[in-house]
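Undergrad:
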Amino acid sequence: MPVAMDKDKKQGDDLLKRPLYVYDLPPEVLTTLTFATSTSEVAAPEAIPSSKADESLPLSSPSSSENLSVGSQACSLCSLTFDNVLDQRGHQKSDLHHYNLKQKLRGRPPVTETEFEKLVGDLDESLSGSDSSESDDDDDKKESTLTALLKKQATLAERNSNGDAGNDDDESTTRRQRGSGKPPLLWFSSPVLPANTFFGIYRAIFQPEEANKETELVEVIRKKQLEPIAAPKPNADGGIAPAAYKGPHIFLCMIGGGHFAAMVVSLAPRQTKHGATSGPLNREATVLAHKTFHRYTTRRKQGGSQSANDNAKGNAHSAGSSIRRYNEQALVDEVRQLLQDWKGLLDTSELLFIRATGSTNRRTLFGPYEGQVLRANDPRIRGFPFSTKRATQNELMRSFIELTRLKVREVDPVQEKAQTEAPAKPSTPKPAKPAAPKLTEEEETALLHTSQLQAFVRRSKLPALLSYLKNNDVAADFLFQPVDSQQNYHAPTCLHLSASQNSGPLVLGLLTKAAADPTIKNREGKTAFELAGDRSTRDAFRVARDELGEDKWDWESAKVAPPMKRAEAEKRDERERNEEEKKEAERRKAEEARLKTEGPKIPSKTPRKGALGSSLPKTAQEKREEEARGLTPEQRMRLDRERRARAAEERLRRMQAGG
């Protein structure tokens, strides 16, 4: 008997070590699967961990604060835990975390990730996350978008106070009603699993009539099992093979912030050379078609789309606004043309998973317009029942894997029993949750000063920074709060942050006009001068040393190099600028000479394999990646800025010629 139990345990452990695909379950799981009604009631949708086999794609959703293990890899403010420190640091830079910080400063409770998604649902720019970029521009954009959200809340509050609460659009109300439904996961038990362990399957992959009949769900899953097939071969012209329309497949689409990504994926498992099947890993899922677009449509450092700004304030007349309007229309045309090209695949798709944030993006997909392909009332349309990031092909593939892979959850029966029996025992009430320590007025003021000063430094706003210090009677050596945070550990003062940002004008202004102390060291024992990353910023310290004199500070203790005259520093900067301009002029001249003799470069005729194995010319994205190969991050950024500038100049030239 113990031998049989050990065998069953080993079999269950083996199941947890590999991904389980909903449409191709092993016989030992399929024949023993039963619907678990009690677990579906206990398991909160926010406390659903990914399976052990899916640790590379963690689902970090907020859980109950009572069950949260607060530690070095947790966020007690947002009630989240993380698998590693990198995920924790990424969360601390997210919109959700910054929004909850602002909520805390105002004495309001923090919101969960699901609630935050609903709050920003009507904004044109997706705030649920993006492919993280830690640049200053992203920080500025985040700040401005959160400001837009707070302004929107203030406007709604004013409407409610004036009796205009009933003017909310029907679409937003409908979306809130859709979001307040049943839990997104259905739970199943199986004797092949370890004790107190359950399988979870997303409700969204079932039809509404199927999900409502919980007693028949196991039979529905058995009917959804598919035989492995080979990937359909493309036509001779590179088009989609007719066989692709016949097999079961789903459509996934995301659009927001000028980014669009769409994909059609076959549900049937792929057959390997040896006849075996495998789960939907990136390299094994059969992608029938995929496409991504990106257009510059959002107002950098200001948030929101150009059309939203035009509707609110009237049409702007800057060159950037004209480019953004042109790009918005171009994105609409490209997306609708793609949907028309894929109409056959969309009409035969079993389900349509769509994320369209904001009314502008919804109109792009659902119109109305002539030749409309997608309909908002299509019963096959689903939203993604989990948080998603920026619209990319990788994010679509991650979402497909998350939707079609079984989740695993272990339930502690002792804890579950205690939770159910606690209300029945009034003599032993459940201990109250300790209240979070309330910030004092000084602490709240310090946090506010920190956010404002850091924002001025990141934007290189020297006059505004100096004015803020003077008007609010804040010392230039003010220590950012909280002092133990990762960023403030490295750059605790305005001078340290300016030096680490390589902002020479800010450094010079803080030293000469605000009397900032250069001898202060951060928690790593480094002065501001030691954080400067380029020669120009270091020269700013040297010029300040010359103008303030040797008696002002202990410059040796501050590790500042010998003094330098301002004229000498400006002369060296001018000389370097002239050299760079000369090199650029020579490069342009050589390129013009080459174009006169050779003409434009012809793309390489070496065929590449497309998503369906067809020979296709290199895409623009592949060409850009090839050009950037081998470059340093700074060189890539410079190349990207030059490319965007040339593209903007060309678009303006075309618009002026057409106008």
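In the UniProt record's numbering, the protein residues as written are 1 to 659.
Heads up, the beta-carbon is just placed ideally off N, CA and C, and yes, glycines get one too.
Small disclaimer: the values here were computed from a predicted structure and weren't measured.
Note down the Cα distance separating G658 from C494, rounded to an integer number of angstroms.
TA: In a straight line, the C-alpha of G658 is about 49 angstroms away from that of C494.
Undergrad: Do H97 and C78 have their beta-carbon atoms positioned less than 8 angstroms apart in this structure?
TA: Going by C-beta atoms, C78 is nearer than 8 angstroms to H97.
Undergrad: Considering M263, what are the terminal residues of the beta strand (DSSP E) in which it resides?
TA: Unbroken beta strand (DSSP E) run through M263: H259 to S266.
Undergrad: Decide yes or no for the touch test of the stretch 19 to 28 against the stretch 258 to 271: beta carbon pairs closer than 8 angstroms, at least 3 of them.
TA: Yes, the stretch 19 to 28 touches the stretch 258 to 271.
Undergrad: Name, in chain order, the residues that DSSP records as bridge partners for A74.
TA: DSSP, once it has assigned bridges, lists T81 as partnering A74.
Undergrad: In whole angstroms, give me the CA-to-CA distance for F400 and R324.
TA: If I take the Cα positions, the gap works out to 31 angstroms.
Undergrad: Would F199 pass as a contact of L439 if the rule is Cβ separation under 8 angstroms?
TA: Cβ distance not < 8 angstroms, so F199 and L439 don't count as in contact.
Undergrad: Looking at Q393: is its Cβ nearer than 8 angstroms to the Cβ of A569?
TA: No, the pair does not count as a contact, with Cβ atoms beyond the cut-off.
Undergrad: By the DSSP assignment, the beta strand (DSSP E) with K291 in it spans what residues?
TA: Segment V287 to H294, the beta strand (DSSP E) holding K291.
Undergrad: At which residues does the beta strand (DSSP E) containing K407 begin and terminate?
TA: K407 to E410 is the span of the beta strand (DSSP E), which, as asked, contains K407.
Undergrad: Just confirm the distance between the C-beta atoms of R398 and L351, as a whole number of angstroms; I'd bet it's less than 8 angstroms.
TA: Wrong, their Cβ atoms sit about 17 angstroms apart, outside the cutoff.
Undergrad: Taking the alpha-carbon positions, what's the L101 to S536 distance?
TA: The alpha-carbon atoms of L101 and S536 are separated by roughly 35 angstroms.
Undergrad: Please list, in chain order, all residues of the same chain as V218 whose beta carbon is under 8 angstroms from its beta carbon, the five residues on each side excluded.
TA: Same-chain partners within the cutoff: L33, T34, F35 and F188.
Undergrad: Go through its chain and collect everything with a Cβ distance to L462's Cβ below 7 angstroms, but skip five positions before and after it.
TA: Cβ within range, chain order: P505, L506 and G509.
Undergrad: Can you tell me which of the three DSSP states Y21 falls into?
TA: DSSP places Y21 in strand when its eight states are reduced to three.
Undergrad: For L252, which beta-bridge partners are listed by DSSP?
TA: The partner list for L252 (beta bridge, DSSP) reads M263 and F353.
Undergrad: What is the DSSP secondary structure of K521, counted as helix, strand or coil?
TA: Strand, per DSSP.
Undergrad: Within a Cβ cutoff of 7 angstroms, which residues of the same chain sit near I250, ignoring the five residues on either side of it in sequence?
TA: V265, L267, S349, E350, L351 and F353, listed in sequence order.
Undergrad: Taking the beta carbon of P191 as the centre, do at least 16 other beta carbons fall within 10 Å, making it buried, or is it exposed?
TA: Exposed.
Undergrad: Alpha carbon to alpha carbon, how far is L252 from R355?
TA: Roughly 8 angstroms between the two C-alpha positions.
Undergrad: Give a yes or no on whether the C-beta atoms belonging to P518 and A528 are separated by under 8 angstroms.
TA: Yes.
Undergrad: Rounded to a whole number of angstroms, what is the C-alpha to C-alpha distance between Y326 and G258?
TA: Whole-angstrom Cα-Cα distance: 12 angstroms.
Undergrad: Below 8 angstroms on the Cβ atoms is my guess for A204 versus L396; work out the distance and round it to an integer in Å.
TA: Going by Cβ atoms, the distance from A204 to L396 rounds to 15 angstroms, so no, they are not a contact pair.
Undergrad: Whole angstroms is fine: what's the gap from E580's alpha carbon to T298's?
TA: The alpha-carbon atoms of E580 and T298 are separated by roughly 31 angstroms.
Undergrad: Taking the straight line between their C-alpha atoms, what separation do you get for V111 and L80?
TA: In a straight line, the C-alpha of V111 is about 12 angstroms away from that of L80.
Undergrad: Apart from the five residues just before and just after L331, which ones in its own chain have a Cβ nearer than 8 angstroms to its Cβ?
TA: Excluding positions up to five away in sequence, the list reads G258, F260, F293, R295, T297 and T364.
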